[in-house]
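Okay, so here's the structure we're looking at.
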Amino acid sequence: MTTGQDRATEPETGPGEERLPTLAEQMAEQLGGWRGLVESSVPVFVFVVANIVGELRPAIIASVATALLIAGLRLAQRRPVRHAVNGLFGIAIGAFIALRTGEERDFYLPGILYGIGYGLVLLLSAVIRQPLVGWLWSVLVAKGRADWRDDPRLVRTFTQLTVLWGVVWLAKVGVQAALWYAHQDTALGIARLALGYPPYALLLLITVWTVRRVTRETRAPEPLPGG
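Residue numbers for the sequence shown follow the numbering used here, beginning at 384 and rising by one.
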């Protein structure tokens with residue numbers, strides 16, 4: 384998305400109004416594009432492969448080095464580094480814990496704990512009628528505006544979407560937690576990759592499509608009496 388094109392809660396009609404970003408534009412912005420998807424997965428992939436063919440310490444070194452290289456390349460090319468920094472932070476914490484315990488599976492432990500916490504926070508926010516997905520929409524898409532709070536239908540929609548996000552998040556983390564508990568290190572690494580961006584991308588697609596549809600229906604002009 385480019386500046387001035389992210390008012391996703393406004394209709395795309397009328398002269399002088401900002402264009403409603405396309406579904407693809409909003410998806411690309413939040414996922415970091417295909418490059419962001421690949422780059423965020425490469426360090427974990429490197430760890431999984433290196434750990435299979437070698438030992439824990441070389442696998443950790445290779446993974447951290449890969450994350451640093453990706454962040455450095457983005458800085459050198461003056462590209463946004465948000466996704467790279469997030470990935471590097473997670474890799475560094477996992478590497479530190481794994482080195483301390485000597486357990487390969489603990490490389491994935493921070494992600495599992497983060498996922499459990501995130502899922503519970505999502506469900507709690509829906510229970511107290513402050514759906515987190517709605518507030519994230521305000522920050523990431525609507526330029527800080529929270530007009531949806533004044534629309535009961537949008538509040539209901541964001542609440543339902545928040546519950547969906549929470550349930551899916553806890554389900555995918557539950558699979559990883561079960562593999563961690565069973566000491567299935569290789570399967571855990573594969574699950575981390577498979578259950579990483581694919582469910583996130585699907586949830587994001589559902590969210591953007593649903594909010595855009597509800598927004599258009601809510602703000603559609605009412606027919607004139609007798610029309």
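The beta-carbon is built from N, C-alpha and C at its ideal position, and this holds for glycine as well. For clarity, every value in this text was computed on a predicted model and none was experimentally measured.
Just reading off the alpha helix (DSSP H) that residue i is part of, what are its end residues?
i	result
Arg457	Leu439 to Ala459
Gln567	Taken as a continuous stretch (DSSP letters only), Gln567 belongs to no alpha helix (DSSP H), as it is neither H nor E.
Can you grab the Cα-Cα spacing for the pair residue i / residue j, in whole Å?
i	j	result
Trp336	Thr449	Outside the displayed span of the chain (384 to 610) sits residue 336, for which this structure offers no information.
Lys526	Leu471	27 Å
Pro581	Arg512	28 Å
Arg596	Leu585	16 Å
Trp417	Ser424	Its pLDDT being 49, under 50, Trp417 is placed unreliably by the model, and the measurement read from it follows with that caveat. Rounded to the nearest angstrom, the two C-alpha atoms are 11 Å apart.
Glu600	Asp533	15 Å
Please classify residue i: does DSSP put it in a helix, a strand, or coil?
i	result
Ala529	coil
Arg512	coil
Leu414	The pLDDT assigned to Leu414 is 46, lower than 50, so where the model puts this residue is not dependable; a value taken from the coordinates is nonetheless given after this. Helix.
Val597	helix
Leu496	helix
Can you have a look at residue i and say buried or exposed, based on whether 16 or more other CB atoms are within 10 angstroms of its CB?
i	result
Ile453	buried
Ile443	buried
Arg536	exposed
Ala407	The predicted position of Ala407 is uncertain, since its pLDDT is 47 and thus under 50; a value taken from the coordinates is nonetheless stated next. Flag for Ala407 reads exposed.
Glu438	exposed
#### Entry: the stretch 558-565 in contact with the stretch 485-500 per 3-pair CB rule at 8 Å
Touching, yes, given that three or more Cβ pairs across the two stretches are closer than 8 Å.
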